[in-house]
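Undergrad: Mind looking over this structure? Questions follow.
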Amino acid sequence: MEELMDFDEVAANFDPVLGLEVHVELATTTKMFDAAPNEFGGEPNVNTTPVSLGLPGALPVVNKKAIEYAIRLGLALNCKIAESCRFARKNYFYPDLSKNFQTSQSDEPIAYDGHLDVELDDGEVFRVLIERAHVEEDAGKNTHVGGEGRLQGATHSLVDYNRAGVPLVEIVTRPIEGAGARAPEVAAKYVQTIRDIARAIGVSEARMERGNVRADVNVSLRPSPDAPLGTRTETKNVNSFRAIARAVEFEMCRQAAVLSSGQAVLQETRHWQEANSTTSPGRPKSDADDYRYFPEPDLVPIAPPAEWVEEIRASLPEMPAARRKRLTAEWGVSEMEMRDIVNADALDFISDSVDAGASPAGARKWWMGELARYAKDNELALADVPVSAADVAELDGLVQSGKLTDKLARQALDGVLAGEGSPAEVAASRGLEVVSDDGALGAAVDEALAANPDVLEKIRAGKVQAAGAIVGAVMKATRGKADAARVRELIMERSGQA
Ligand code: ADP
Ligand code: MG
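Position 50 of the sequence shown, counting from 1, maps to 50 under UniProt numbering, and the rest follow consecutively.
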């Protein structure tokens with residue numbers, strides 16, 4: 001185990017600098033340079049064409065939608081859009097890269113010089129400067145078999161090219177200075193803000209758990225803010241907000257210990273270790289890695305017409321920060337409650353449910369309560385919980401109209417989660433609906449009064465609070481399905497207190 005300095009001590013003695021490289025997979029129908037479907041999952045190597053397999057003689061064609069999405073994302077990140085830009089070949093060998101080069105953009109990114117305002121948990125806003133956002137293709141996926149799932153110790157490896165050629169935008173920040181002790185939070189919130197924007201503007205499903213958004217996290221330390229930048233490490237492919245914050249924290253503590261012992265930080269890539277929230281050494285990496293970049297001769301330069309860029313700008317929707325402010329007011333929640341909603345990734349689901357007719361309070365209660373719990377217990381994202389916004393609206397409607405009590409509604413939701421149908425269907429098939437018809441309730445009340453003559457006496461004598469015992473008995477007899485308010489009225493009528 002490596003030496004670590006206590007985080008508070010690091011924050012007091014060092015100034016951290018961050019650099020974030022965020023990859024966003026674009027949700028186009030087809031891949032970046034060919035007509036193969038851009039789809040997650042599926043049998044290995046089904047979403048391929050000669051182009052995404054890198055077969056000799058196969059020629060790429062730029063996906064216009066991907067360029068549109070990249071411009072859309074660039075504009076949302078307050079970037080300038082290049083009047084002209086070219087693709088380049090970034091040469092390296094790896095089995096998941098069948099062409100032996102990645103088609104990317106190097107010195108001519110499609111978007112550059114942007115910034116993003118990141119809202120922190122205490123409500124403060126931290127501005128991150130963006131150097132560039134460029135378009136490139138994703139690589140395939142290697143699976144190392146045998147051993148511990150890593151190349152080291154594996155008996156053989158499998159390659160799946162379904163992801164090869166999926167369009168990506170890589171967003172690179174300028175060195176992020178001035179975050180201090182909040183560096184872990186700034187890093188995580190920055191990536192979360194990008195995720196929210198990518199989703200809001202419809203360019204990516206931006207699902208962290210599917211790797212739609214992945215971050216390379218650069219961290220360095222220097223003794224003080226006026227000192228030159230220190231040596232950075234780059235922790236690759238971190239794909240949850242929590243992990244991003246923890247990776248920054250761990251690297252700060254590790255590098256501080258290295259520097260304090262008089263040694264130098266090695267410029268290298270590092271791997272995130274989810275199991276124990278640490279990073280481990282990858283490969284040494286200099287600033288001048290020679291990828292022998294050269295312009296891609298098989299693709300013409302991209303020159304998006306200014307009118308097209310302006311059209312895209314005009315079509316951008318309300319940005320997430322503005323939307324959060326609006327919904328905070330519309331739903332009557334506090335800023336803190338809104339932050340909880342956002343941090344639980346529940347905003348869209350609650351909003352969709354409200355749009356489908358749910359009350360804001362009801363929608364919030366189900367998504368932040370039962371459904372969040374179900375997701376956690378089953379290790380699912382909320383999006384994968386088998387309940388729709390319409391289901392939640394229907395469930396809330398049944399509660400609001402008094403057809404289901406809260407307790408019965410939970411049972412109805414269990415049925416929905418078990419695939420038994422919509423809340424109303426489950427309520428009907430499981431016989432959950434609140435009994436409020438006087439015939440059935442009246443009989444149950446009479447029975448309970450007859451069985452508890454002493455209680456009836458008390459009520460008759462004016463001790464109306466004794467009616468609680470009868471309400472309880474009726475509830476028990478109807479297995480919780482009685483309309484409690486109506487039961488109480490009937491008891492009062494029967495005992496001459498109405
Ligand atoms: P690479 O090719 O090594 O990935 P990039 O320029 O694509 O380099 O990304 C490096 C990231 O690290 C950028 O966000 C950059 O601003 C940031 N960065 C550069 N120098 C430092 C440093 N000394 N400490 C922290 N971050 C840095
Ligand atoms: Mg990079």
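No residue lacks a Cβ here, since even glycine has one placed at the ideal position from N, Cα and C. Only a predicted model underlies this, so the values are computations on that prediction, with no experimental measurement involved.
(1) Please specify which runs of the beta strand (DSSP E), each continuous and at least 3 residues long, are wholly inside the stretch 262-311, giving them in chain order.
(2) Determine, using beta-carbon pairs with one atom in the stretch 291-310 and one in the stretch 99-110, whether at least three such pairs fall under 8 Å.
(3) In this structure, does DSSP put R174 in helix, strand or coil?
(4) Specify the secondary structure class of Q102 as computed by DSSP and reduced to three states.
(5) Please look up how many angstroms separate the CB atoms of A70 and V169, rounded, as I've assumed it's under 8 Å.
(6) For a test of your reading of the model: does the CB of D216 fall under 8 Å from any non-hydrogen atom of ligand 1? Yes or no.
(7) Once you ignore the five residues that flank A469 on each side, which residues in its own chain have a CB closer than 6 Å to its CB?
(8) Near F93, what residues of its chain come up, given a Cβ to Cβ distance below 6 Å and the 5 sequence neighbours on each side ignored?
(9) Which word fits H156, buried or exposed, when buried means at least 16 other C-beta atoms lie within 10 angstroms of its C-beta?
(10) Count the C-beta pairs between the stretch 54-67 and the stretch 241-250 that are closer than 8 Å, then say yes if the count reaches three, no if not.
(11) With distances taken between CB atoms, is the gap from V128 to D117 smaller than 9 Å?
(12) Which class does F87 belong to by DSSP, given the choice of helix, strand or coil?
(13) Residues bridged to K141 by DSSP?
(14) Nearest-angstrom Cα distance between L229 and E296?
(15) Just list the beta strand (DSSP E) runs in the stretch 174-219, keeping only unbroken ones of 3 residues or longer that don't cross its boundaries, in chain order.
(16) Pull up the distance between the alpha-carbon of R323 and that of A198, whole angstroms please.
(17) Below 8 Å on the Cβ atoms is my guess for K481 versus L408; work out the distance and round it to an integer in Å.
(18) Just to check, is the beta-carbon of E307 closer than 8 Å to a non-hydrogen atom of ligand 3?
(19) Do the stretch 198-208 and the stretch 65-81 meet, that is, are 3 or more Cβ pairs less than 8 Å apart?
(20) Ignore the nearest five residues each way along the sequence and tell me which others in G462's own chain have a CB closer than 8 Å to its CB.
(21) In the DSSP assignment, find the alpha helix (DSSP H) that holds P360 and state where it starts and stops.
(22) What's the gap between the Cα of A473 and the Cα of G397?
(23) For a test of the three-state rule: what should DSSP assign to I110, helix, strand or coil?
(24) Mind checking whether the beta-carbon of L168 lies closer than 8 Å to any heavy atom of ligand 1?
(25) Can you tell me whether L382 is buried or exposed? The criterion is at least 16 other CB atoms within 10 Å of its CB, across all chains shown.
(26) Given a cut-off of 9 Å on the beta-carbon distance, is the pair W272 and N237 in contact?
(27) Should L270 be counted as a contact of ligand 1 given a C-beta to heavy atom distance under 8 Å?
(28) Beta strand (DSSP E) containing V354: first to last residue?
(29) Taking 8 Å as the cut-off, is the C-beta of S220 nearer than that to any heavy atom in ligand 1?
(30) For L371, which of G415, T405, K403, S334 has the nearest alpha-carbon?
(31) In the DSSP output, which residue or residues are listed as bridge partners for I130?
(32) Looking only at its own chain, which residues have a Cβ that is under 8 Å from the Cβ of K285, when we skip the five neighbours before and after it?
(33) Let me check understanding here. Comparing Cα to Cα, which of K376, Q411, S351, K64 lies closest to A393?
(34) Taking A275 as the reference, which of P281, S261, I302, A243 has the closest Cα?
(35) When every heavy atom of ligand 1 is checked, does at least one fall within less than 8 Å of the C-beta of V300?
(36) Could you tell me which residues DSSP pairs with V22 in its beta bridges?
TA: This is what the structure holds:
(1) 268-273, 278-284
(2) yes
(3) coil
(4) strand
(5) 5 Å
(6) yes
(7) V455
(8) N100
(9) exposed
(10) no
(11) yes
(12) coil
(13) D160
(14) 34 Å
(15) none
(16) 14 Å
(17) 6 Å
(18) This structure does not include ligand 3; its bound ligands are ligand 1 and ligand 2.
(19) yes
(20) Q497
(21) 360-368
(22) 28 Å
(23) coil
(24) no
(25) buried
(26) yes
(27) Before going further, note that residue 270 is Arg rather than Leu in the sequence given. False, no ligand heavy atom lies under 8 Å from that Cβ.
(28) Per DSSP, V354 belongs to no beta strand (DSSP E); it is in the alpha helix (DSSP H), 347-355.
(29) yes
(30) G415
(31) G114, T173
(32) E234, Q267, E268, T269
(33) S351
(34) A243
(35) no
(36) I171, A215
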